[in-house]
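Beneath this line is the structure, given in structure tokens, with notes to follow.
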Amino acid sequence: MGTLLVTGGAGFIGSNFVHHVIGNTDHSVIVLDKLTYAGNAASLAGLPEDRVRLVEGDIADATLVDDLFGQVDAVVHYAAESHNDNSLHDPRPFLDTNIVGTYTLLEAARKHDRRFHHISTDEVYGDLELDDPARFTENTPYNPSSPYSSTKAGSDLLVRAWVRSFGVKATISNCSNNYGPYQHVEKFIPRQITNVLRGIRPKLYGKGENVRDWIHADDHSSAVLTILDKGVIGETYLIGADGEKDNKTVVELILSITGQPADAYDHVTDRPGHDMRYAIDSTKLRTELGWTPRYQDFEAGLKATIDWYRDNEAWWTPAKDGVEAFYASKGQ
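Per my numbering, residue 199 is the first one in the sequence shown, and the count goes up by one each step.
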């Protein structure tokens with residue numbers, strides 16, 4: 199039994215990880231989260247207070263980070279500015295959190311000699327053509343296309359450098375698009391789900407041909423625990439569940455599952471530089487570390503996610519109006 203520091207643990211993927219750790223291990227967790235719009239203490243509600251402690255703070259606060267690293271056995275770094283649209287509107291917070299914040303954590307890991315796992319994204323690899331049979335692997339060259347993905351690429355490279363130069367005991371994982379409970383309503387799947395639940399027609403960028411490789415957040419969590427336990431220091435592992443779907447298909451599935459006509463959505467202006475396709479090859483993780491995803495039926499996972507948003511309207515309602523007003527101002 200040990201204590202994990204989970205940065206960004208009140209955010210979407212981080213909070214799912216905390217729930218997974220508490221439900222499947224004996225670990226205790228300290229969550230460090232800045233509680234910006236994307237972090238929500240309510241996402242940790244119901245977890246045992248003797249095993250989960252929330253600390254509100256910034257990962258770029260070196261004094262706070264140093265104190266917390268002295269209290270834990272390992273660190274899982276989820277905290278990031280992560281929304282592409284927001285990065286196009288104002289890139290600076292992405293530099294502050296994703297680059298400076300990661301640097302601050304790495305220096306603390308170096309000082310305290312703590313096991314460190316860095317969560318990243320497949321977006322660092324750029325995108326693939328729709329008719330390209332290839333998938334991203336751990337050897338795919340980086341080719342980020344937005345302020346978000348470029349700062350995540352930079353943070354990955356910092357981790358690699360601190361492993362090689364200073365012997366930090368770190369691993370990296372790059373994951374495909376997550377879906378599931380506790381995801382902010384600005385994101386694609388929960389935005390469309392909550393639109394339907396409110397009787398609003400979903401919105402689809404462009405023609406909806408963009409393909410994402412979807413994975414349930416609980417499967418991401420189990421993969422991270424596997425890497426933390428079995429991963430080789432200095433290695434990168436790609437996490438994916440063979441869930442390639444284009445955005446049009448996802449919107450139509452949401453409508454069909456909720457009993458609406460499959461074509462009851464509106465096309466809106468596409469965003470600049472919108473990547474066409476992501477696809478993950480997770481062979482290394484599966485063969486070397488023995489991981490397999492639990493949710494291999496995307497439609498079943500999507501139905502469970504819709505049920506969660508239907509049952510937890512109080513969780514997402516406070517943010518919904520502001521999100522829709524922002525997108526309306528951009529014609530999206």
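Even glycine gets a Cβ: it sits at the ideal position worked out from N, Cα and C.
Take Gly352, set aside five residues on each side of it, and the residues of its chain with a beta-carbon closer than 6 angstroms to its own are Ile297, in chain order. Residue Ala260 holds the alpha-carbon nearest to the alpha-carbon of Ala306 among Ala260, Glu321, Trp513, His316. Counting the other Cβ atoms within 10 Å of the Cβ of Val448 gives 16 or more, which makes it buried. Beta-bridge analysis with DSSP links His310 to no other residue. Between Ser371 and Ser420, the gap from beta carbon to beta carbon reaches 8 angstroms or more. Under the criterion of beta carbons closer than 8 angstroms, Leu487 and Thr424 qualify as touching, at roughly 5 angstroms.
Note on Asp427: under 16 other CB atoms within 10 angstroms of its CB, so exposed under the neighbour-count rule.
The criterion of a C-beta distance shorter than 8 angstroms is not satisfied by Val322 and Pro345.
In the structure shown, the three-state DSSP call for Ile317 is strand. Taking a contact to require three or more Cβ pairs closer than 8 angstroms, the region 384-399 and the region 453-473 qualify as touching. In the three-state scheme derived from DSSP, where H, G and I count as helix and E and B as strand, Arg251 is classed as strand. Sequence-distant partners of Asp294 (beyond 5 residues in either direction) whose C-beta falls short of 7 angstroms from its own C-beta, in its chain, are Ala258. In this chain, the alpha helix (DSSP H) harbouring Asp265 covers 260-267. Where Ile437 is concerned, the enclosing beta strand (DSSP E) starts and stops at 434-437.
Annotated three-state conformation of Lys350 is helix, per DSSP.
For His275, the three-state secondary structure derived from DSSP is strand.
Here Arg362 has Gly432 as same chain residues with Cβ atoms under 8 angstroms from its own Cβ, once five neighbours each way along the sequence are excluded. Taking 3 residues as the minimum length, the beta strand (DSSP E) runs contained wholly in the region 325-412 are 368-373, 401-403, 409-411, in order along the chain.
Around the beta carbon of Asp509, fewer than 16 other beta carbons sit within 10 angstroms, so the residue counts as exposed. For the options Gly406, Asp440, Trp489, Arg492, the alpha carbon positioned closest to that of His472 is the one of Gly406.
In the three-state reduction of the DSSP assignment, Ser213 falls in the helix class. The region 212-220 and the region 374-382 touch, with no fewer than 3 CB-CB distances between them shorter than 8 angstroms. By the Cβ criterion, the region 439-447 is not in contact with the region 504-522, since fewer than three pairs of Cβ atoms, one from each stretch, lie closer than 8 angstroms.
Beta bridge pairing from DSSP links Ser226 with Thr201. Exposure of Lys528 is indicated by the presence of fewer than 16 other C-beta atoms within 10 angstroms of its C-beta. Under the three-state reduction of DSSP output, Arg492 falls in the coil class, being neither helix nor strand.
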